[in-house]
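In our numbering, the protein residues as written are 635 to 885. Backbone N, C-alpha and C fix where the C-beta goes; we use that ideal spot for every residue, glycine too. Before any comments, here is the structure.
This is the structure:
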């Protein structure tokens, strides 16, 4: 109700898809309060990373798990933002950052199902720079078409191709026809000019997405799906994760 009133009072918020985001957030909160959903997420992630020694998902005991109680394996480790403790344990902060980044990118680009809240409080680091992911209640998914669109978006920036970027964006938004596509492409072209002299490996993907979203919301008829906000949040969080480790990682 409040979201609808906000959009009515401030029509420009409509393109942010505030109502849809609030509705999806409400659904997400309900899912987080049902621990059987988190248990299912843990099993799904476990299957995804069963052969990856750099990632560990704690075991969950479904037999004892209910909607109000989750029973899982006890795990311990070092928080990734405790740099001093990591170094004292002989762990490699560069390797940790690379492992964490690769894990999130693998979730997003290979499986289209990702942990949407990978902040330091939800991560432990163990021997051999292994990343342990905790708190799997907040997740999000991308459709196969959106995964390919995200790849095309990144490739478009690497090639400084505003047309490819615009097509990728519309595909991410699941828009097949947009009457202002030419104007949108022009704005994208103007935006990427400031990145034209930045090496591809130094590009800040979360900032690129954020700036692009800021352009999108100015156009009537374009709305950003809530799963893309979750995507931006996950990428920005893992990027900060790497920065706090003082590591050089290219998303």
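Would you kindly report the start and end of the unbroken beta strand (DSSP E) that includes residue i?
i	result
residue 775	773-775
Less than 8 Å between the CB atoms is what I'm expecting for residue i and residue j, so what's the real figure, rounded?
i	j	result
residue 864	residue 845	Not quite, the Cβ-Cβ distance comes to about 18 Å (not below 8 Å), so this is no contact.
residue 677	residue 694	7 Å
residue 791	residue 853	Incorrect: roughly 20 Å between the Cβ atoms, too far for contact.
residue 735	residue 822	Not confirmed; about 26 Å, so no contact.
residue 868	residue 738	6 Å
residue 788	residue 839	7 Å
residue 880	residue 770	About 28 Å separates the two Cβ atoms, so there is no contact after all.
residue 742	residue 803	Between residue 803 and residue 742 the Cβ distance is about 17 Å, and since that is not below 8 Å, they are no contact.
Which residues share a DSSP beta bridge with residue i?
i	result
residue 748	774
residue 691	Answer is none; residue 691 lacks a bridge partner.
residue 766	690, 758
residue 822	Paired residues: none, contrary to the question.
residue 706	694
residue 712	759
Determine the extent of the alpha helix (DSSP H) in which residue i is found, giving its start and end residues.
i	result
residue 888	Outside the displayed span of the chain (635 to 885) sits residue 888, for which this structure offers no information.
residue 759	No alpha helix (DSSP H) contains residue 759, which is instead part of the beta strand (DSSP E) from 757-760.
residue 873	860-878
residue 719	717-722
residue 812	First-last for residue 812: undefined, no H or E at that position.
residue 801	796-806
residue 855	Here residue 855 belongs to no alpha helix (DSSP H), and DSSP marks it neither H nor E.
residue 732	727-739
Does the Cβ of residue i have 16 or more other Cβ atoms within 10 Å, making it buried, or fewer, making it exposed?
i	result
residue 778	exposed
residue 644	Reliability of the predicted coordinates at residue 644 is poor, the pLDDT of 42 falling under 50, and the value obtained from them is presented with this limitation in mind. Looking at its Cβ environment, which holds fewer than 16 other Cβ atoms inside 10 Å, residue 644 is exposed.
residue 703	exposed
residue 638	Note that residue 638 scores 45 on pLDDT, short of 50, meaning its location in the model is unreliable and no value can be drawn from it.
residue 909	The structure shown does not extend to residue 909, since the chain is modelled only from 635 to 885, so the question has no answer here.
residue 761	exposed
residue 672	buried
residue 732	buried
residue 635	For residue 635, the pLDDT reaches just 47, beneath the cut-off of 50, and the residue's location in the model is therefore unreliable, leaving the point undetermined.
residue 773	buried
residue 780	buried
residue 681	exposed
residue 883	buried
residue 800	buried
residue 708	exposed
residue 833	exposed
For residue i, would you say it is in contact with chain B, using Cβ-to-Cβ distances shorter than 7 Å as the test?
i	result
residue 733	Of the protein chains in the structure, only one exists, and it is not chain B.
Cβ of residue i within 6 Å of any heavy atom in the ligand SAM?
i	result
residue 754	This structure lacks the ligand SAM; in fact it carries no ligand of any kind.
| task | Could you tell me whether the stretch 751-769 touches the stretch 684-701, using the rule of 3 or more Cβ pairs below 8 Å? | result | yes
| said: Is it the case that the stretch 706-722 contacts the stretch 743-751, given that we only count it when at least three CB pairs across the two stretches are under 8 Å? | reply: no
| Given 8 Å, three or more beta-carbon pairs between the stretch 863-877 and the stretch 807-817 | no
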